[in-house]
Amino acid sequence: MRKIGLFILTILLVGCSQLGQMPVYSVSETQLEQMISQQIPELTRQANVAGIPLKLAVDSMAVKIGPDNSDLVQINTAASATLSLFGLTYPASMQLQVEGAPYYDAEQKAVFVRSVKLLDSSIEAAGYRGNLTPVTNELLQIVNQFLATNPVYKLDTSDPTVKLLTALPINMTVQQGRIAFLPAGKSR
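Note that the working numbering has the sequence shown beginning at 7, numbered continuously upward.
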């Protein structure tokens, strides 16, 4: 009986030591941009900004993970909009730079961006060129609604390493240029 107990204890110790050797899984800026670019067709929205109806379509997005050694993600967005005003429509191009904190949702096995704030904005429409400061809150609300319900990255659980990793409690860390996932209690 003592040998069986010793055998079980040995198996447990070997298993625990293997968890410490699990590799860190990371997502690069390029991988994040690829995932986001797949969602761009879904980013066409009808909205009212400052009482003006507009149709907003995102053209491109670029991502910076952990800029200046922060734990944030920056998203630069180029969008085209069609403003409807006094029965006429006006084309416009917009640039938005937002920053937010990535959050890992273990249930959905996905990364979302929260606490989004606007860093910079510009618009070019019908000869006007300027920033979007007067409508910042309304634009941020649109961006926050989208990012709250649409992950910027979803872990691929068909990958055996990811499947094993997601079976355990995970810590997510933001490092310059990547988001890393590692078993809870492990630091790197």
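Glycine is no exception: its CB is placed at the ideal position from the N, C-alpha and C atoms.
All values reported here derive from a predicted model rather than from experimental measurement.
Could you tell me which of the options sits nearest to residue i, measuring between CA atoms?
{"i": "tyrosine 110", "options": "Leu174, Tyr159, Ala131", "result": "Tyr159"}
{"i": "glutamate 39", "options": "Val168, Pro157, Ser164", "result": "Pro157"}
{"i": "aspartate 65", "options": "Ile58, Phe92, Ala98", "result": "Ala98"}
{"i": "aspartate 74", "options": "Glu105, Leu60, Thr95", "result": "Glu105"}
{"i": "tyrosine 96", "options": "Gln103, Leu161, Glu48, Leu60", "result": "Leu60"}
{"i": "asparagine 150", "options": "Asp162, Pro108, Tyr134, Asp165", "result": "Pro108"}
Confirm, please, whether the CB-CB distance from residue j to residue i is below 8 Å.
{"i": "leucine 125", "j": "alanine 87", "result": "no"}
{"i": "isoleucine 42", "j": "valine 79", "result": "no"}
{"i": "tyrosine 31", "j": "threonine 179", "result": "no"}
{"i": "valine 119", "j": "leucine 153", "result": "yes"}
{"i": "isoleucine 148", "j": "leucine 138", "result": "no"}
{"i": "leucine 89", "j": "alanine 53", "result": "no"}
{"i": "glycine 57", "j": "glutamine 181", "result": "no"}
{"i": "glycine 183", "j": "glutamate 35", "result": "yes"}
{"i": "alanine 112", "j": "glutamine 101", "result": "no"}
{"i": "lysine 115", "j": "threonine 172", "result": "yes"}
Starting from residue i, follow its DSSP beta bridges and name the residues at the other end.
{"i": "methionine 41", "result": "Looking at the DSSP assignment, methionine 41 forms no beta bridge with any residue, so it has no partner."}
{"i": "leucine 89", "result": "Leu60, Tyr96"}
{"i": "alanine 68", "result": "Asn82"}
{"i": "alanine 131", "result": "Ala98, Tyr134"}
{"i": "serine 32", "result": "Ala186"}
{"i": "alanine 116", "result": "Asp111, Lys160"}
{"i": "alanine 53", "result": "Leu60"}
Answer yes or no: the CB of residue i versus the heavy atoms of the ligand SAH, is any distance below 7 Å?
{"i": "lysine 70", "result": "Questions concerning the ligand SAH fall outside what the structure shown contains, since it holds no ligand whatsoever."}
Could you check whether the segment 144-157 touches the segment 179-187, counting it as contact only if at least three pairs of C-beta atoms, one from each stretch, sit closer than 8 Å? Touching, no.
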